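What follows is one structure encoded as structure tokens, with my remarks underneath.
Chains as they are written, first to last, in the working numbering: chain C, 1 to 831; chain D, 1001 to 1231.
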């Protein structure tokens, strides 16, 4: 029997019966393999890249040294380690001095990311494997002119003096925060003692860096987390770069969704081509049965054939997927700023298993139909297989899709939601498709001959055409959805850090310096945000109950924002800051004068159970201030502008001494303005976040590239579905047109009618796709990607035109050669 | 060889129940050739399909080769009976389009797992005069040639019973005669029991016996030796 099966397989292959099925399966496997391989590599690269934000995979940050047991545990787990100590200190050179942010590092620093150093200030440098050796320091470019130094000259730090041998151009974990509030000096950890800067009461940040394999890191995290003191923090790569973390998470969801769509599309193509294979082999099976083949024989014959197809397709698909991924990386390589780790074996397995699941769930049900082929069909052609098998086919296809979605996402709830949503959309679209077909009759009666023929044809095969419109529509819909979500995501990321977004924060500005700083920035053509007064204070009580006591009543789930009892930066403003939105209550008038009012950020209000009308008592500089909550507002935290949890009404903080803050954008060539600013206002602190922004932008570029690439792959799967769908309906159409040609219909009439039929099918499918896409994009953007949805009007034009164009071209291209053949040969071909 | 007792066939149609065969009793002996004749819709083809085990009667009993009771069997067992005992020749030839002439003839032997399928098939193609067309696909053959391939395929498996459904129905008179000559000569040579459905009286005359079907019943039988209607 195996020999016969092999012969039948070869003969089918020779006759071209398997081409489309095999191609669909290969596309499914190679799409999944390529996407999985590419995203696997990219994801690993991105995790490394985001790890570079903290110069490690995990960091423990603490104001004092942590117990040795943490290091011992890390050693036991095989993690590599490094230590840094950051503090603020004055650097002196003869009569000049400068407030600097010093970081002392050991010989292992950095564990992730790279240090870049150079020989001269403001020039390019090269990566170096470790920081300064003992006895030397490196300094940021602008410190050299600021202190009037050249590389090699000595500076004094505390009680010690060091030559500044190199220029520090980039450190991976520069980031923002207090320790970065000044130009950087990098020194060796062994030299700290000599400076005698570290005294009881010094403000210090000890950072313990760890790197290793994900599993070891997880074990370490689980072990260390509960043992850490309250003032110590364990930081992972994602917490290290919140804005990148969000982008990464969305990108992962998108790639996952893209992969899923690719598989579903390829699955539909497989089901369609298997259906066609099964229909075309129906008579074969009937003949085989009359010749004595038992149902078991038929099962084993076609099981063998399909297993061979499955194995061939998974092998070829994996190879094609691997090569495509290599090709893509070769092409995109120069654009990807990080080095991609080598691909693992897992993605290949994922591709192969996907291929087999696709085959089992999408191709076997139509094959099962063959088993039930009645041998009576050799005598009476109208004997059809039972309808139960159709239900089985849908059930198996649905089950397979569900299983794959679950497997990919690992989230049963999300899978069930998406799947049931998809079913509802499909059912509604099917109803509309029926309606489209039905409405064709009225239009068709008035049309010319080709039109009448085409529309009459569509009506006659109403059920098949409705299903076909649905298939076309779903394929186009998925492509539109992918394109729209991709566009929104990339736009959102680009908006997240707009060009010329502020990349420096200036803090501790004395009230007397406000005017001169403003004029200095204007004179240097620097675009700055408004200057906000800032004063440190905490909430003592809410409605008479102490904040400390209320702390225990907070609900854990709501605790995203800081506790009310901890100190915060307070400000006052007559106007609502940009990108803040009042969600409850109302903002005070510009000229408001009266008892102190306060505006609270939404998460902060929720976390601390603060409501409109509550009476808050603040403690500022040891004095109390009462204010009533007049509104709750939302804040866009990652817009790199001064943002506040608490804003008071103008005049309420009038009696209290305050400093000011602002943020501004400095282009790379304007960096020296900082020196001028700091020299003129030595008490001012500047946080430089330009390096951080550059890193975020580089990651967003990579993720966008990945998304563009996945979109192209899905497009290939979509095209395959369209082709399979056109092919699946071809036999019936050609039989009818061969008969018409026999009866004297001109080639032009037949081709015209076919074109109209395909164009109309495509148009309706495109319209359906627009309806479905609008709804799905709404759901995805609001529920999964957390984006702001806005309807896409162009969709309603592009959808139908794209549908008509695609289906029209594919349909006519596939039928053209057959129409020009003689009717007899077409009929014989189909016999 | 073939025995049918009280065979009935009823189908459900849109307009209700339709009885196609109304209690057929029939016996066909080893080596006998029997023509089933009658008007269109009289139930001839249905009778043939039931006797060959392609379909199952609503009631009654059909027995082949003395002890193979088709009506007690499932599709699996009936398929084995067809493989062991039965050959077919159809009006529409029923060759597999993706197989060459030779491969079509080899098919029954391949289904039985016989090793000598190819040489045997070649020999039978030669017997029907198509040695030179072994590698041709059905669509490259004329109707007469396709039917000759079908005959070669039917006899290549050395069946005890051959069922032929309007074997010349799709052929012109001259080709039809050639095909019938071929069919009868091979039938005589292999002493096969032949059951043949036809409209053509001349073909029916060449059989040992004719059964006349009328409205789902056997209206009479004609023995060609005596050329006499028995009612």
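Ideal Cβ placement from N, Cα and C applies to all residues, glycine included.
Given the structure is predicted, the values throughout are model-derived calculations rather than measurements.
Does any C-beta atom of chain D lie closer than 8 Å to the C-beta of residue i?
{"i": "residue 463/C", "result": "no"}
{"i": "residue 495/C", "result": "no"}
{"i": "residue 299/C", "result": "no"}
{"i": "residue 287/C", "result": "yes"}
{"i": "residue 376/C", "result": "yes"}
{"i": "residue 17/C", "result": "yes"}
{"i": "residue 31/C", "result": "no"}
State the Cα-Cα distance for the pair residue i and residue j, rounded to the nearest angstrom.
{"i": "residue 688/C", "j": "residue 500/C", "result": "14 Å"}
{"i": "residue 276/C", "j": "residue 305/C", "result": "15 Å"}
{"i": "residue 642/C", "j": "residue 516/C", "result": "20 Å"}
{"i": "residue 832/C", "j": "residue 255/C", "result": "Past the edges of chain C, shown from 1 to 831, lies residue 832/C, and the structure says nothing about it."}
{"i": "residue 635/C", "j": "residue 402/C", "result": "39 Å"}
{"i": "residue 708/C", "j": "residue 315/C", "result": "26 Å"}
{"i": "residue 355/C", "j": "residue 14/C", "result": "23 Å"}
{"i": "residue 270/C", "j": "residue 783/C", "result": "30 Å"}
{"i": "residue 1153/D", "j": "residue 1087/D", "result": "8 Å"}
{"i": "residue 1070/D", "j": "residue 1064/D", "result": "7 Å"}
{"i": "residue 76/C", "j": "residue 227/C", "result": "17 Å"}
{"i": "residue 118/C", "j": "residue 140/C", "result": "10 Å"}
{"i": "residue 1050/D", "j": "residue 1163/D", "result": "11 Å"}
{"i": "residue 307/C", "j": "residue 301/C", "result": "10 Å"}
{"i": "residue 620/C", "j": "residue 661/C", "result": "18 Å"}
{"i": "residue 210/C", "j": "residue 82/C", "result": "7 Å"}
{"i": "residue 1200/D", "j": "residue 1054/D", "result": "24 Å"}
If you run the structure through DSSP and keep just helix, strand and coil, what is residue i?
{"i": "residue 800/C", "result": "helix"}
{"i": "residue 281/C", "result": "coil"}
{"i": "residue 817/C", "result": "helix"}
{"i": "residue 447/C", "result": "For residue 447/C, the pLDDT reaches just 40, beneath the cut-off of 50, and the residue's location in the model is therefore unreliable, although a value from the coordinates is still provided. Three-state DSSP puts residue 447/C in coil, outside helix and strand."}
{"i": "residue 96/C", "result": "strand"}
{"i": "residue 557/C", "result": "In this predicted model, residue 557/C has a pLDDT of only 37, less than 50, meaning its place in the structure is not dependable; the value taken from the coordinates is given anyway. In this structure, residue 557/C counts as helix in the three-state DSSP scheme."}
{"i": "residue 508/C", "result": "strand"}
{"i": "residue 51/C", "result": "helix"}
{"i": "residue 226/C", "result": "helix"}
{"i": "residue 142/C", "result": "coil"}
{"i": "residue 132/C", "result": "coil"}
{"i": "residue 365/C", "result": "helix"}
{"i": "residue 163/C", "result": "strand"}
{"i": "residue 532/C", "result": "strand"}
Measure the beta-carbon distance from residue i to residue j and round it to whole angstroms, keeping in mind my assumption that it falls under 8 Å.
{"i": "residue 55/C", "j": "residue 187/C", "result": "Actually they are not in contact, since the Cβ atoms of residue 55/C and residue 187/C sit about 16 Å apart, beyond 8 Å."}
{"i": "residue 116/C", "j": "residue 137/C", "result": "That pair is no contact at about 16 Å."}
{"i": "residue 490/C", "j": "residue 698/C", "result": "That belief does not hold up - the Cβ atoms of residue 490/C and residue 698/C are roughly 15 Å apart, past 8 Å."}
{"i": "residue 520/C", "j": "residue 677/C", "result": "6 Å"}
With distances taken Cα to Cα, identify the nearest neighbour of residue i among the options.
{"i": "residue 481/C", "options": "285/C, 463/C, 612/C and 795/C", "result": "795/C"}
{"i": "residue 604/C", "options": "574/C, 292/C and 631/C", "result": "631/C"}
{"i": "residue 488/C", "options": "130/C, 786/C and 38/C", "result": "786/C"}
{"i": "residue 777/C", "options": "70/C, 483/C, 378/C and 714/C", "result": "483/C"}
{"i": "residue 4/C", "options": "1195/D, 1107/D and 1048/D", "result": "1107/D"}
{"i": "residue 366/C", "options": "427/C, 311/C and 272/C", "result": "272/C"}
{"i": "residue 509/C", "options": "23/C, 295/C, 747/C and 686/C", "result": "686/C"}
{"i": "residue 644/C", "options": "650/C, 653/C, 654/C and 633/C", "result": "633/C"}
{"i": "residue 833/C", "options": "114/C, 234/C, 229/C and 260/C", "result": "With chain C represented from 1 up to 831, any question about residue 833/C goes unanswered, as that position is not in the structure."}
{"i": "residue 122/C", "options": "781/C, 672/C and 791/C", "result": "672/C"}
{"i": "residue 1212/D", "options": "1004/D, 1035/D, 1008/D and 1023/D", "result": "1035/D"}
For a cutoff of 8 Å on Cβ pairs, would you count residue i as touching chain C?
{"i": "residue 1094/D", "result": "yes"}
{"i": "residue 1098/D", "result": "yes"}
{"i": "residue 1049/D", "result": "yes"}
{"i": "residue 1141/D", "result": "no"}
{"i": "residue 1065/D", "result": "no"}
{"i": "residue 1054/D", "result": "yes"}
{"i": "residue 1167/D", "result": "no"}
I want to check one thing, is the minimum distance from the CB of residue i to the heavy atoms of the ligand MN below 7 Å?
{"i": "residue 95/C", "result": "The ligand MN is not part of this structure, which contains no ligands at all."}
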